[in-house]
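**Q** Following this message is one structure expressed as structure tokens.
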Amino acid sequence: MVELLFITYNGESNQQKVPKLSSRHTHAAKQYYEQRDRRQQATRQNRLRPLAPLQPHPTKHRLSAGGSGSTEDEESNPPGSSTCGRFQNAVASRHITSSPASSLAASIMDPFDTMSSMPASRDPLVQESLHFFVNNQLMEFCTEGTELAVHIAKKEVYSRAVWHSGISQICVYGGMLSRAYLTGVELSPKYHVLSLRYKQGSIEHVREAVKGRTAEEVPEETLAVMLRLAVHGSDMLPVDDRHRKAQQTYFHNAQNVDYYLRFQTGWDHLRAIFNIVDAKGGLPSLKVGVFVRALRVFDIFCGWRNLQAPHFPLTEPVSTYIVQRQHTEGPQSQELLKTLGTGFCPSEGSGLPYDSPNQDLHKHAAIVTADYAQVLRNQKRRPRDPKLRPDEVLLKFTRWMILHDILSIPDPGPAETLTDIELLQEANHQILLAYAFAVLVPIPPSQNTELAEMLTERILRVAAELIARSLDNSPLASAPPADLTLCVIIWAGVCAQFAACKDQVKNERLYESAAAYLRDFLHAQHSSVVRKTWKETSEVMRSYLWLDAICEVKGQEFWVFALKGQEGAVHLASPS
1 MVELLFITYN
11 GESNQQKVPK
21 LSSRHTHAAK
31 QYYEQRDRRQ
41 QATRQNRLRP
51 LAPLQPHPTK
61 HRLSAGGSGS
71 TEDEESNPPG
81 SSTCGRFQNA
91 VASRHITSSP
101 ASSLAASIMD
111 PFDTMSSMPA
121 SRDPLVQESL
131 HFFVNNQLME
141 FCTEGTELAV
151 HIAKKEVYSR
161 AVWHSGISQI
171 CVYGGMLSRA
181 YLTGVELSPK
191 YHVLSLRYKQ
201 GSIEHVREAV
211 KGRTAEEVPE
221 ETLAVMLRLA
231 VHGSDMLPVD
241 DRHRKAQQTY
251 FHNAQNVDYY
261 LRFQTGWDHL
271 RAIFNIVDAK
281 GGLPSLKVGV
291 FVRALRVFDI
301 FCGWRNLQAP
311 HFPLTEPVST
321 YIVQRQHTEG
331 PQSQELLKTL
341 GTGFCPSEGS
351 GLPYDSPNQD
361 LHKHAAIVTA
371 DYAQVLRNQK
381 RRPRDPKLRP
391 DEVLLKFTRW
401 MILHDILSIP
411 DPGPAETLTD
421 IELLQEANHQ
431 ILLAYAFAVL
441 VPIPPSQNTE
451 LAEMLTERIL
461 RVAAELIARS
471 LDNSPLASAP
481 PADLTLCVII
491 WAGVCAQFAA
501 CKDQVKNERL
511 YESAAAYLRD
521 FLHAQHSSVV
531 RKTWKETSEV
541 MRSYLWLDAI
551 CEVKGQEFWV
561 FALKGQEGAV
571 HLASPS
């Protein structure tokens with residue numbers, strides 16, 4: 001038996017009625033707050049999830065990291081899917097990015113999504129690597145340390161990285177490697193593969209950019225990418241922690257020379273750059289300042305590694321940078337400049353038919369040495385007066401220009417075939433090279449073996465010829481050339497100390513040869529020369545080019561080693 005329950009309904013609601021105006025306002029407010037909550041929730045989700053790739057244009061070819069057109073997005077997103085939501089997500093993600101480069105419209109590298117097939121292309125390390133590369137690599141090639149000069153250089157890079165995929169990719173690649181090296185944190189396998197994909201993408205860009213174009217039509221942005229590829233011409237060589245932890249001088253790390261020495265030079269890219277720039281009219285035809293300075297320094301750097309003249313001549317003389325110095329020389333620097341470099345200029349009445357054609361070069365090297373010594377003193381005790389602080393950015397760049405002039409001095413040929421005056425000039429040239437090696441542009445201990453050996457052997461050949469001619473009673477036997485010969489031999493011993501073989505502190509063969517030359521020379525001279533102490537010898541070295549903070553210890557060690565047991569050479573004072 002089924003029982004039914006009937007309930008009477010009178011058509012009226014049990015809820016309390018509210019005025020119609022209030023109901024409309026409440027409903028509108030409720031909708032507003034619901035929409036706001038949905039927007040906030042969507043924004044939070046967009047921050048947590050990776051950015052979805054944009055739908056590519058069906059008629060445009062997109063360059064992936066490997067250089068080929070990618071169809072991955074077309075397979076994962078059918079034609080019927082909506083791209084409006086993903087476009088809004090992209091805009092939202094770009095808006096909330098907190099990268100330091102975001103204010104310059106470079107927060108999202110690869111802004112046109114040319115590398116969307118790379119899952120990690122939105123990784124924060126990409127933006128950090130770009131920022132690190134610009135601030136720690138390219139800024140080293142400024143000629144001034146002012147805020148305006150740095151701002152202009154950054155603008156030149158960031159403004160091109162936004163739209164030029166080749167520059168963006170090679171900057172990220174260089175930033176990843178340099179950041180890992182300079183911070184001492186190795187890249188994980190994932191990021192190592194990612195960096196190689198960025199490098200491959202930049203290589204493919206260069207191939208497409210130069211295809212079907214003459215040298216004059218190749219844009220400077222492509223040349224900048226090629227220069228970075230030439231700098232990173234190989235995988236990074238292994239790093240020896242013992243050498244990295246060794247005490248190095250201020251100039252060892254300037255312009256990150258120790259980092260660039262970890263790579264072999266990509267000569268194919270570099271020769272192509274030389275040919276293209278020559279066809280354009282040389283360095284003066286280029287407009288991007290930071291690229292021109294980087295190319296000029298790397299050209300000198302490659303010549304320095306091989307003791308060859310740079311490919312490009314200087315567009316401005318070294319004096320242009322010397323006159324830009326605005327600091328006040330301290331008393332010690334002024335005193336140093338009174339004697340530094342005077343040995344290259346024989347005094348009147350000495351009877352020497354000799355005048356070096358590189359007098360300006362000697363003066364410029366002496367000025368940079370005095371400024372460098374002032375920088376080293378300021379590091380120990382910072383002066384209150386800012387006028388006593390040299391512009392370190394200008395100083396680092398000027399030393400490369402001086403090295404350019406030193407390397408550009410032509411090789412006169414074998415020492416035994418030279419005239420007396422030519423031999424003196426070649427001796428001065430070898431002193432300049434040795435000084436550049438030890439002080440101006442030093443090579444870190446782990447990478448300088450080959451260069452130190454080549455340089456030491458060249459100096460010893462000149463020293464041998466100087467000693468031989470002094471024994472033949474030629475015009476070289478007068479007192480100033482004797483000091484010059486002594487200076488050449490001491491520099492040979494100092495350079496031999498840098499020529500380390502494996503775990504040795506120095507190259508024993510070259511070191512012994514230099515010591516033997518010093519003993520033979522002193523025994524062949526007059527007693528006034530034989531009785532010189534190291535203190536007097538260091539005064540001779542300062543009359544040419546010498547910096548006590550870097551050279552004094554090594555020079556004295558060589559002097560003691562060469563004359564150990566030689567009675568009257570080290571311990572006897574010179575006659576009063």
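Residue numbers for the sequence shown follow full-length UniProt numbering, so the first one is 1 and each next one is one higher. Yeah, the Cβ is synthetic: ideal placement off N, Cα and C, and Gly gets one too. Owing to the predicted nature of the structure, the values given are computational and were not obtained by experimental measurement.
Would you decide whether G166 is buried or exposed? Buried here means 16 or more other CB atoms lie within 10 Å of its CB.
**A** Here residue 166 refers to the residue found at position 166 of the sequence shown. Buried, since its Cβ has 16 or more Cβ neighbours within 10 Å.
**Q** With C-beta atoms as the reference, is A499 less than 7 angstroms away from L510?
**A** Numbered from 1 along the sequence shown, position 499 holds the residue referred to as residue 499. Numbered from 1 along the sequence shown, position 510 holds the residue referred to as residue 510. Yes. Within cutoff.
**Q** Which residues in the same chain have their Cβ closer than 6 angstroms to the Cβ of E156, if we skip the five residues on either side of it in sequence?
**A** Residue 156 sits at position 156 when you count from the first residue of the sequence shown. Here the set comprises V288 and V290.
**Q** Assign K211 to one of three DSSP states: helix, strand, or coil.
**A** Reading the sequence shown from its first residue, position 211 is the one you call residue 211. Three-state DSSP puts K211 in coil, outside helix and strand.
**Q** Taking the alpha-carbon of P383 as reference, which of L407, I409, T328 and M401 has the nearest alpha-carbon?
**A** Within the sequence shown, numbered from 1, the residue matching residue 383 stands at position 383. Closest in C-alpha terms to P383, from the list L407, I409, T328 and M401, comes T328.
**Q** Measure the Cβ-Cβ separation of R179 and F141 and say whether it is below 7 angstroms.
**A** Position 179 of the sequence shown, counting from 1, holds the residue named residue 179. Position 141 of the sequence shown, counting from 1, holds the residue named residue 141. No, the Cβ-Cβ distance between R179 and F141 is not below 7 angstroms.
**Q** Alpha carbon to alpha carbon, what distance is there between Q497 and S159?
**A** By one-based count along the sequence shown, residue 159 stands at place 159. By one-based count along the sequence shown, residue 497 stands at place 497. In a straight line, the C-alpha of S159 is about 47 angstroms away from that of Q497.
**Q** Find out if the Cβ-Cβ distance for the pair L295, L227 is shorter than 7 angstroms.
**A** Here residue 295 refers to the residue found at position 295 when the sequence shown is read from its first residue. Here residue 227 refers to the residue found at position 227 when the sequence shown is read from its first residue. In contact: L295 and L227 (Cβ atoms closer than 7 angstroms).
**Q** Mind reading off the beta-carbon distance from L223 to I273? Whole number of angstroms is fine, and I expect it under 8 angstroms.
**A** To locate residue 223, count along the sequence shown from 1; it is residue 223. To locate residue 273, count along the sequence shown from 1; it is residue 273. Contact between L223 and I273 holds, with the beta-carbon distance rounding to 6 angstroms and staying under 8 angstroms.
**Q** Let me confirm a value: P124 is counted as buried when at least 16 other C-beta atoms fall within 10 Å, else exposed. Which label applies?
**A** Taking the sequence shown and counting its residues from 1, one reaches residue 124 at position 124. Exposed.
**Q** G349: buried (16+ other C-beta within 10 angstroms of its C-beta) or exposed?
**A** Counting from one through the sequence shown, the residue named residue 349 turns up at place 349. Bear in mind that the predicted position of G349 carries a pLDDT of just 41, short of 50, making it unreliable; the figure below should be weighed with that in mind. So G349 ends up on the exposed side.
**Q** Do the segment 371-378 and the segment 324-340 touch if we need at least three Cβ pairs shorter than 8 angstroms?
**A** Judged by Cβ distances under 8 angstroms, the segment 371-378 makes contact with the segment 324-340, as three or more pairs qualify.
**Q** Quick one: is L148 buried, meaning 16 or more other Cβ sit within 10 Å of its Cβ, or exposed?
**A** As a working note, residue 148 is residue 148 in the sequence shown. Its Cβ having fewer than 16 others within 10 Å, L148 is exposed.
**Q** Comparing C-alpha positions only, which one of D420, E450, V462 and H523 sits nearest to N507?
**A** Locating residue 507 in the sequence shown gives position 507, where the first residue counts as 1. That would be E450, whose Cα lies nearest to the Cα of N507.
**Q** DSSP state of I421, grouped into three classes?
**A** Here residue 421 refers to the residue found at position 421 of the sequence shown. Here I421 sits in helix by DSSP.
**Q** To the nearest angstrom, how far is it from the Cα of E217 to the Cα of S168?
**A** What you label residue 217 is simply residue 217 of the sequence shown in a count that begins at 1. What you label residue 168 is simply residue 168 of the sequence shown in a count that begins at 1. Straight-line Cα distance between these residues: approximately 21 angstroms.
**Q** Please name the residue, chosen from N448, C495, I443 and A514, that lies closest to I467 on a Cα-to-Cα basis.
**A** Within the sequence shown, the letter at position 467 stands for residue 467. Checking every option, the nearest Cα to that of I467 belongs to A514.
**Q** Confirm, please, whether the CB-CB distance from G343 to S543 is below 7 angstroms.
**A** By one-based count along the sequence shown, residue 543 stands at place 543. By one-based count along the sequence shown, residue 343 stands at place 343. Cβ atoms of S543 and G343: closer than 7 angstroms.
**Q** Are the beta-carbon atoms belonging to V439 and I550 less than 7 angstroms from one another?
**A** Reading the sequence shown from its first residue, position 439 is the one you call residue 439. Reading the sequence shown from its first residue, position 550 is the one you call residue 550. In contact: V439 and I550 (Cβ atoms closer than 7 angstroms).
**Q** Run the CB neighbour count on S333, radius 10 Å, all protein chains shown included, and call it buried at 16 or more, exposed below.
**A** By one-based count along the sequence shown, residue 333 stands at place 333. S333 comes out buried.
**Q** On the three-state DSSP scale, how would you describe G184?
**A** What you label residue 184 is simply residue 184 of the sequence shown in a count that begins at 1. Correct three-state label for G184: coil.
**Q** If we ignore side chains and look at the alpha-carbon of each, how far apart do K190 and T146 end up?
**A** Start at 1 with the first residue of the sequence shown, and residue 190 comes out as number 190. Start at 1 with the first residue of the sequence shown, and residue 146 comes out as number 146. If you take the alpha carbons of K190 and T146, they lie about 38 angstroms apart.
**Q** Rounding to the nearest angstrom, what Cα-Cα distance links H127 and V172 in this structure?
**A** Looking up residue 127 in the sequence shown gives position 127. Looking up residue 172 in the sequence shown gives position 172. Going by the sequence as given, residue 127 is Gln instead of His. Taking the straight line joining both Cα atoms gives about 8 angstroms.
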